[in-house]
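These protein sequences, in sequence, are chains F and R. Residues are numbered in my numbering as their position in the first sequence, beginning at 1, plus a constant of 12. Residues are numbered in my numbering as their position in the second sequence, beginning at 1, plus a constant of 12. Heads up, the beta-carbon is just placed ideally off N, CA and C, and yes, glycines get one too. Below is one structure, written out as structure tokens; the observations come after it.
Number of protein chains: 2
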Amino acid sequence: MSSQNIKPTESELEILRILWERGPSTVREVHEQLVKTKESGYTTTLKLMQIMYEKGLVKRDDTNRSHIYEAGVSQEKTRKMMTDKLIRTLFQGSSSKLVMQALGHHKVSKEELAAIRKYLEEMEKSGK
Amino acid sequence: MSSQNIKPTESELEILRILWERGPSTVREVHEQLVKTKESGYTTTLKLMQIMYEKGLVKRDDTNRSHIYEAGVSQEKTRKMMTDKLIRTLFQGSSSKLVMQALGHHKVSKEELAAIRKYLEEMEKSGK
DNA sequence: GCAAACATACGAACATTTTCGTAACTCAGA
DNA sequence: TCTGAGTTACGAAAATGTTCGTATGTTTGC
Numbered sequence: 013m014s015s016q017n018i019k020p021t022e023s024e025l026e027i028l029r030i031l032w033e034r035g036p037s038t039v040r041e042v043h044e045q046l047v048k049t050k051e052s053g054y055t056t057t058l059k060l061m062q063i064m065y066e067k068g069l070v071k072r073d074d075t076n077r078s079h080i081y082e083a084g085v086s087q088e089k090t091r092k093m094m095t096d097k098l099i100r101t102l103f104q105g106s107s108s109k110l111v112m113q114a115l116g117h118h119k120v121s122k123e124e125l126a127a128i129r130k131y132l133e134e135m136e137k138s139g140k
Numbered sequence: 013m014s015s016q017n018i019k020p021t022e023s024e025l026e027i028l029r030i031l032w033e034r035g036p037s038t039v040r041e042v043h044e045q046l047v048k049t050k051e052s053g054y055t056t057t058l059k060l061m062q063i064m065y066e067k068g069l070v071k072r073d074d075t076n077r078s079h080i081y082e083a084g085v086s087q088e089k090t091r092k093m094m095t096d097k098l099i100r101t102l103f104q105g106s107s108s109k110l111v112m113q114a115l116g117h118h119k120v121s122k123e124e125l126a127a128i129r130k131y132l133e134e135m136e137k138s139g140k
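This is the structure:
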């Protein structure tokens, strides 16, 4: 395990999402993306990314004047971390409760349903 | 819609969880429960609950000296809100991705799996 | 009636997160 | 070379969340 266990703040998460989607990017590029959803100044984005760098949430290549940033934590790990937390804090540690919540209150296409069911059957088979 | 859309903070959520479990309770009772997990002073709990009252996150009956607090937002709504948010922010809006994440990375008992599968089948049936 | 225990209210310190202004440096083009 | 646009670094204000001390009021038991 590396320094992955740091919990990103709300704003940091927004930036991570952009980095996951775009891959390595400059502050400018991240910022352009960010302002599509959210009012904010360039140096705000810069500062946030600098802080994230100190925390190890992003990596950066500063050989050029415009530094290139990329995510330092994987989407996968972050998803797991936050899902774990949600299950623990709001669903009494029961992942099946969360599953039913997600299935019950969100539109899921037929195809998705089928995929889930298949996934489930495999689990039941291969699992204990 | 009432004032349900207020997002509880971390600490507020801890208190809500206790209120959901215990039902109407005094600050003292909530506090006793809280200190089992977390170091904190009585007036801190009190202050938090007062703030929650102002925000509408809890209701209270102050006819007696010891006020009786109860949750002002339901566990159900809160679960939905936070699950929605997780799906939106980390799973590209796809609830099935979250479902697979939850199924894949958490221990789910055979019984739970079966229950989910049944639930799923019913959905597919009624849904079509 | 009085003291001790217990309750609320509330200001304010503290901690964390977010926002931005400003200084300083680099680079490209006229 | 000079200027203007673009970049980083960084301090510090602003906003939000957490913690607690203290004042004050109420109740209980002796």
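Restricting attention to beta strand (DSSP E) runs no shorter than 3 residues, the region 42 to 92 of chain F encloses them at 70 to 73 and 80 to 83, ordered along the chain.
Here DSSP, grouped into helix, strand and coil, assigns S108 (chain F) to helix. Boundaries of the alpha helix (DSSP H) around I128 (chain F): K122 to S138. Distance from the CA atom of S52 (chain F) to the CA atom of K59 (chain F), rounded to whole angstroms, is 12 Å. Beta-bridge annotation (DSSP): S37 (chain R) is paired with R:Y81. The beta carbon of T101 (chain F) falls within 9 Å of a beta carbon belonging to chain R, placing the residue at that interface.
Pairing T49 (chain R) with E24 (chain R) gives a Cβ-Cβ distance that is not under 9 Å. Between L110 (chain F) and T95 (chain R), the CB-CB gap stays under 9 Å. Apart from sequence neighbours up to five positions away, the residues of its chain that approach I18 (chain R) with a beta-carbon distance below 7 Å are K67, G68 and L69, ordered along the chain. DSSP places T21 (chain F) in the coil class of the three-state scheme, outside both helix and strand. Spatial neighbours of Q45 (chain F) in its own chain (CB-CB distance under 6 Å, excluding positions within 5 residues in sequence) are listed in chain order as I30. E41 (chain F) and Y54 (chain R) have their C-alpha atoms roughly 48 Å apart.
When C-alpha distances from T21 (chain F) are compared across F:M61, F:D73 and F:K137, the shortest belongs to F:M61. K92 (chain F) has its alpha-carbon roughly 7 Å from the corresponding atom of Q113 (chain R). 9 Å or more divides the Cβ of E133 (chain F) from the Cβ of S108 (chain R).
Between the beta-carbon of P36 (chain R) and that of Y81 (chain R) there is about 7 Å, and that keeps the pair under the 8 Å contact cut.
When DSSP states are grouped into helix, strand and coil, K97 (chain R) belongs to the helix group. Under the three-state reduction of DSSP, H118 (chain F) is assigned to coil, being neither helix nor strand. With fewer than 16 other Cβ atoms from the protein chains shown falling within 10 Å of its own Cβ, G116 (chain F) counts as exposed.
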